[in-house]
Amino acid sequence: MNQFDCVVVGGGMVGAASALSLAELGLKVAIIEKSAPAIFSPEQDFDLRVSAISLASEQLLKQLGAWQQLKQWRMCAYKRLGVWEFEQSYTEFNAQDINQTHLGHIVENRLIQLALWQKLQQHSNITLLCPETLINIEQSPTDVKLTLSSETINAKVVIGADGANSFVRKLANIGTTGWDYAQSAMLINVQTEKPQQDITWQQFYPTGPLAMLPMPGNFASLVWYHDKDEIKRLSALSNGNLAQEILQNFPARLGNVEVINKAAFPLTRRHANQYQKGRILLIGDAAHTINPMAGQGVNLGFKDVKALQHVIAKAIGNGESWHEPKVLASYQQKRRTDNLLMMTTMDALYLSFGHVSPLVKLARNAGLMMVNTVPSLKNKALAYACGI
Ligand SMILES: Cc1cc2nc3c(=O)[nH]c(=O)nc-3n(C[C@H](O)[C@H](O)[C@H](O)COP(=O)(O)OP(=O)(O)OC[C@H]3O[C@@H](n4cnc5c(N)ncnc54)[C@H](O)[C@@H]3O)c2cc1C
Numbered sequence: 001m002n003q004f005d006c007v008v009v010g011g012g013m014v015g016a017a018s019a020l021s022l023a024e025l026g027l028k029v030a031i032i033e034k035s036a037p038a039i040f041s042p043e044q045d046f047d048l049r050v051s052a053i054s055l056a057s058e059q060l061l062k063q064l065g066a067w068q069q070l071k072q073w074r075m076c077a078y079k080r081l082g083v084w085e086f087e088q089s090y091t092e093f094n095a096q097d098i099n100q101t102h103l104g105h106i107v108e109n110r111l112i113q114l115a116l117w118q119k120l121q122q123h124s125n126i127t128l129l130c131p132e133t134l135i136n137i138e139q140s141p142t143d144v145k146l147t148l149s150s151e152t153i154n155a156k157v158v159i160g161a162d163g164a165n166s167f168v169r170k171l172a173n174i175g176t177t178g179w180d181y182a183q184s185a186m187l188i189n190v191q192t193e194k195p196q197q198d199i200t201w202q203q204f205y206p207t208g209p210l211a212m213l214p215m216p217g218n219f220a221s222l223v224w225y226h227d228k229d230e231i232k233r234l235s236a237l238s239n240g241n242l243a244q245e246i247l248q249n250f251p252a253r254l255g256n257v258e259v260i261n262k263a264a265f266p267l268t269r270r271h272a273n274q275y276q277k278g279r280i281l282l283i284g285d286a287a288h289t290i291n292p293m294a295g296q297g298v299n300l301g302f303k304d305v306k307a308l309q310h311v312i313a314k315a316i317g318n319g320e321s322w323h324e325p326k327v328l329a330s331y332q333q334k335r336r337t338d339n340l341l342m343m344t345t346m347d348a349l350y351l352s353f354g355h356v357s358p359l360v361k362l363a364r365n366a367g368l369m370m371v372n373t374v375p376s377l378k379n380k381a382l383a384y385a386c387g388i
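Given below as structure tokens:
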């Protein structure tokens with residue numbers, strides 16, 4: 001039976017980053033993934049699934065050697081972030097205010113995964129098992145046995161990075177708390193009349209925000225949050241009719257738009273009650289899914305990756321048994337409260353902007369204006385969002 005130090009289940013963005021970061025510590029790592037990402041070619045349309053990658057996540061992707069490749073493929077930096085409900089409360093965050101050249105990059109999820117896969121396929125400490133599926137996990141006090149569809153392997157530690165509906169979480173019998181939001185999100189890739197490159201913006205409405213994420217050239221990823229029925233109606237429209245709805249409802253900052261691609265996503269909040277059970281750990285969306293309003297989901301997952309690498313590196317450095325559950329427990333201590341804070345902040349924003357009471361409206365716009373006039377508050381909020 002093949003024996004590994006760590007087995008990572010799920011080779012998405014977070015699982016692939018975790019496998020690399022642990023292999024860098026000299027551990028023997030296997031990664032299990034159901035299906036490989038499609039290869040890149042420059043003439044491909046932009047994928048619908050894109051992420052706003054924070055400065056902290058950029059740092060991790062650089063450390064793992066994936067950033068250079070991503071830069072050669074395609075990504076779009078943004079220097080400014082605009083948020084408002086009414087034009088008078090328009091608040092703009094600028095990279096210069098926190099002495100940075102940019103606030104983040106919009107990158108396609110698949111390309112982040114692919115760039116990490118290129119690195120892990122070259123790594124002598126990593127075995128990539130794909131296509132492969134997890135069937136069962138049995139934990140003993142000394143190791144974990146994983147039954148896969150074509151073989152059985154052993155690991156000292158198993159990391160569940162298998163997304164929001166994590167099977168590892170289920171097999172480990174770890175419960176979750178959470179709910180489905182009343183809103184859904186529609187992701188729409190558009191070609192715009194005007195270039196959008198250096199700003200990302202979000203206008204809040206009681207029905208949900210409208211957001212624009214810039215893509216290279218005259219392209220943008222629009223995110224339309226609304227109640228489920230309205231998103232269902234919009235999803236059924238032809239691309240031409242949807243473009244008309246965008247022109248009527250989105251701020252007049254895009255110029256004319258042509259819809260290239262679209263899809264709707266339900267919004268859910270899930271938080272695993274534990275990130276650790278013995279030798280089984282959860283990271284990324286397997287541990288937490290958050291309202292995507294502030295584009296923090298994968299950035300939190302990358303913070304998990306860093307924290308886990310740090311905990312294990314420290315234990316190895318101190319000559320401890322890095323795989324003992326009591327050592328692994330500090331990963332949960334480092335991450336669960338931080339993730340909970342971010343999830344709760346997002347929910348407070350979601351609830352506050354969904355409120356139709358004129359008093360609440362006044363208070364939230366006054367709040368935005370206050371942020372605008374107190375630079376220290378504004379810069380603190382910005383640094384937190386950028387993960388620095
Ligand atoms: C509408 C929307 C917009 C978003 N925008 C942003 C944003 O701007 N910025 C941001 O940071 N985040 C954003 N997010 C969140 C972000 O997409 C997720 O946090 C991120 O994709 C999670 O990555 P992951 O690797 O943890 O999980 P996943 O991407 O779900 O990867 C899990 C992997 O595990 C594999 N897998 C699952 N089960 C098994 C199994 N049994 N055996 C083997 N393999 C398995 C899957 O095939 C998959 O590859 C958004 C989310 C939504 C819904």
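Counted from 1, the sequence shown has number 375 at position 375 by the UniProt record's numbering; the numbering is strictly sequential.
Cβ coordinates follow ideal geometry from the N, Cα and C atoms, glycine included.
Under DSSP, the beta-bridge partners assigned to residue 265 are 185. Residue 288 has 271 as its beta-bridge partners, per DSSP. Here DSSP, grouped into helix, strand and coil, assigns residue 204 to coil. Sixteen is the threshold: since fewer than 16 other Cβ atoms of the shown chains lie within 10 Å of the Cβ of residue 141, the residue is exposed. A direct Cα-Cα distance of roughly 15 angstroms separates residue 64 from residue 12. Nearest neighbour of residue 202 by Cα position, chosen from 213, 26, 182, 98, turns out to be 213. Not one heavy atom of ligand 1 sits closer than 7 angstroms to the Cβ of residue 219.
Here residue 236 is exposed: its Cβ has fewer than 16 other Cβ atoms, across all protein chains shown, within 10 Å. Sequence-distant partners of residue 109 (beyond 5 residues in either direction) whose C-beta falls short of 7 angstroms from its own C-beta, in its chain, are 13, 47, 49, 50, 51. Residue 338 and residue 200 have their alpha carbons spaced roughly 25 angstroms apart. Looking at the backbone, the Cα of residue 132 and that of residue 9 are separated by about 10 angstroms.
CA-to-CA, the gap between residue 82 and residue 24 works out to about 38 angstroms. Listed in chain order, the non-local C-beta contacts of residue 246 below 6 angstroms within the same chain comprise 257, local neighbours out to five positions each way being set aside. Distances from the CB of residue 159 to the heavy atoms of ligand 1 are all 7 angstroms or more. Under the rule that a run must span 3 or more residues, the beta strand (DSSP E) segments found entirely inside the segment 68-135 read 76-78, 80-84, 91-94, 104-108, 126-129. When rounded, the separation of the alpha-carbon atoms in residue 70 and residue 39 is 13 angstroms. When 66, 57, 26, 86 are compared, the shortest CA-CA separation from residue 251 is found for 86.
If you draw a straight line from the Cα of residue 16 to the Cα of residue 215, it comes to about 24 angstroms.
Burial state of residue 266 is exposed, judged by a 10 Å Cβ sphere holding fewer than 16 other Cβ atoms. Taking a 10 Å sphere around the C-beta of residue 162, we find 16 or more other C-beta atoms and assign the residue as buried.
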